[in-house]
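Trainee: First residue of the sequence shown: 1, per full-length UniProt numbering; consecutive thereafter.
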Amino acid sequence: MPSASKQSSFWKNWFPSPKKIQQRLRQLEADSVAKQQRLSKLAANATETAAVWEQRLRQLETDSVAKQQRLSKLAANATETAAVWEQRLRQLETDSVALKLASGELLRDLEKHLRALVSAQSFPLKQPNTAESALASLDELKALEEDSFYSDLEARWRGSRELIRERQSYYLPMIAEVRQAVATAAPSSGLPGGEIAHSALWERLCKEQGVLDLASGRGEWLGLLQEQGVPAVGVDLNRIFLKECRERGLNVIDSDVIDFLTNAPSDSVAAITGFHIIEHLPFPVLQKFVRESLRVLRPGGIAIFETPNPRNILVSTLNFRLDPTHIHPVNPEFIQFLLEHSGFRKVRCEFLTPCSEECHVGAKDDPLAQRFNELFYGPQDFAVIGTKG
């Protein structure tokens, strides 16, 4: 068993003295306070940092909302601007198309005017010295352009001069017969009003049982009459046709046919002819045309008016529309009635210019084929012929 001294030494080594314990406690207390202070300071710093970050987060949220609003506004403005530009682009496209059409029309008009100017070399225009005379010259140029157009149209669709002369020669025996019939009747001594320059020509026309051809056009009929020694005068407004006729030595007068007839004396000429004119006249004008023709004819004289045959379906529905100045086909029964009602006698219609038999279909003895061929390939023209009683 250890001694008391050894036990005392053991406890002294393992258990500090109260004084050391007290010092140690004070040291721990001081450390605890220091740590508490550090923890308090860290907590305060953490709270402050959290407040700063919370403020920054709120600012970021505010900024984000503001930016979102700006982006939304920019998007709305962009959409509106795009719509405006799209509308402007559509308008530009429309304007571009309209400008292209207008420029094309202008080029076509310029081309027509240039062609008319070339044709106008034989029709010199007066040099304008006032605005009014300039407008008058422009109107004259436009009229010449229309004359040139119709001349080209006739050249394309009317048929060759030789073909028309061959067709119109059908009427020469009628003219020869009527000239003999009216030779004993005294002609009027009057002169057509407003045509003093042509008085000698008109006097010869009346004395020698001549022919007045209304809307004489290219002058094929006038040429045939001239070759037969028949005095004839043509009346037309188309200066291209008038120039061509005069160059061929044919007698033509520049006048509206209704005005000329109205001013012509009664009982003057042996025959009045009009090839493909009555389909151009409105009904009131056609009535006056027929009445005035009857008045101007000498007793026993004849009127011959040729026009497309509407009984031919291809003519009335297709070929007739080649001429934009045509008003409507003239019914044979109607025009015969109109001449009779106006005072003509012995009125008849003669159907001419049949289509070639090569166009016919079916057998010749087939009634249905005959009817079909009559309707589609029958005579292309007819003439109404009346005598002044």
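Even for Gly, the Cβ is constructed at its ideal location relative to N, Cα and C. Small disclaimer: the values here were computed from a predicted structure and weren't measured.
Going by Cα to Cα distance, which pick from V178, L144, K41 is closest to I385?
Mentor: Mapped onto the sequence shown, residue 385 falls at position 385. For I385, the nearest C-alpha among the options comes from V178.
Trainee: Give a yes or no on whether the minimum CB-CB distance between P299 and chain D is below 9 Å.
Mentor: In summary, chain D is missing from the structure at hand, where a single protein chain is found.
Trainee: Out of V235, Y377, V252, point me to the one whose CA is closest to I258's CA.
Mentor: Here residue 258 refers to the residue found at position 258 of the sequence shown. With distances taken between Cα atoms, I258 lies closest to V235.
Trainee: Does the distance from the C-beta atom of P310 to that of V285 stay below 9 Å?
Mentor: Here residue 310 is taken as the residue at index 310 of the sequence shown, counted from 1. Here residue 285 is taken as the residue at index 285 of the sequence shown, counted from 1. No.
Trainee: Report, in whole angstroms, the separation of the C-beta atoms of residue 402 and V290, which I expect to be a contact under 8 Å.
Mentor: Residue 402 is absent from the model: the chain starts at 1 and stops at 389.
Trainee: Tell me whether the beta-carbon of V182 lies closer than 9 Å to the beta-carbon of T273.
Mentor: What you label residue 182 is simply residue 182 of the sequence shown in a count that begins at 1. What you label residue 273 is simply residue 273 of the sequence shown in a count that begins at 1. Not in contact: V182 and T273 (Cβ atoms no closer than 9 Å).
Trainee: Could you give the uninterrupted runs of the beta strand (DSSP E) lying entirely in the region 300 to 373, keeping only those of 3 residues or more?
Mentor: Counting only runs of 3 or more, we get 344 to 354.
Trainee: If you count every other CB in all the chains shown that lies within 10 Å of the CB of D267, and 16 or more means buried, which is it?
Mentor: For the purposes of this step, residue 267 is identified with residue 267 of the sequence shown, where counting begins at 1. With 16 or more other Cβ atoms within 10 Å, it is buried.
Trainee: Please work out which residues of its chain come closer than 7 Å, Cβ to Cβ, to T353, disregarding the five sequence neighbours upstream and downstream, and give them in chain order.
Mentor: The residue you call residue 353 lines up with position 353 of the sequence shown. Around T353: R167, P379, Q380, D381.
Trainee: In the DSSP assignment, find the alpha helix (DSSP H) that holds L250 and state where it starts and stops.
Mentor: What you label residue 250 is simply residue 250 of the sequence shown in a count that begins at 1. Careful: L250 lies outside any alpha helix (DSSP H) and carries neither H nor E.
Trainee: Count the other CB atoms within 10 Å of the CB of I21; is the residue buried (16 or more) or exposed (fewer)?
Mentor: Within the sequence shown, the letter at position 21 stands for residue 21. Burial call: exposed.
Trainee: Just to confirm, is the Cβ distance from G219 to V269 under 9 Å?
Mentor: Taking the first residue of the sequence shown as 1, we reach residue 219 at position 219. Taking the first residue of the sequence shown as 1, we reach residue 269 at position 269. Going by C-beta atoms, G219 is not nearer than 9 Å to V269.
Trainee: What residue from L71, I313, G389 has the CA that sits closest to L375's CA?
Mentor: Within the sequence shown, numbered from 1, the residue matching residue 375 stands at position 375. Ranking L71, I313, G389 by Cα distance to L375 puts I313 first.
Trainee: Please say whether R239 and L144 have beta carbons closer to each other than 9 Å?
Mentor: Translated into the one-based positions of the sequence shown, residue 144 becomes position 144. Translated into the one-based positions of the sequence shown, residue 239 becomes position 239. In contact: L144 and R239 (Cβ atoms closer than 9 Å).
Trainee: Where does P379 fall in DSSP's three states?
Mentor: The sequence position of residue 379 within the sequence shown is 379, counting from 1. Three-state result, P379: strand.
Trainee: Would you report the Cα separation of F370 and E358, rounded to the nearest angstrom?
Mentor: Locating residue 370 in the sequence shown gives position 370, counting from the first residue. Locating residue 358 in the sequence shown gives position 358, counting from the first residue. Reading off the sequence shown, one finds Gln at residue 370, where the question assumed Phe. In a straight line, the C-alpha of Q370 is about 13 Å away from that of E358.
Trainee: Under a three-way DSSP split, which group does A134 fall into?
Mentor: Locating residue 134 in the sequence shown gives position 134, counting from the first residue. At A134, the pLDDT of 44 sits below 50, so the modelled position is not reliable and the matter cannot be decided from this model.
Trainee: Ignore the nearest five residues each way along the sequence and tell me which others in F351's own chain have a CB closer than 7 Å to its CB.
Mentor: Counting from 1 along the sequence shown, the entry for residue 351 is found at position 351. Taken in chain order, the residues that qualify are N309, P379, F382.
Trainee: What's the gap between the Cα of R298 and the Cα of L225?
Mentor: Residue mapping note: residue 298 aligns to position 298 of the sequence shown, counting from 1. Residue mapping note: residue 225 aligns to position 225 of the sequence shown, counting from 1. Approximately 19 Å, taken between the alpha carbons.
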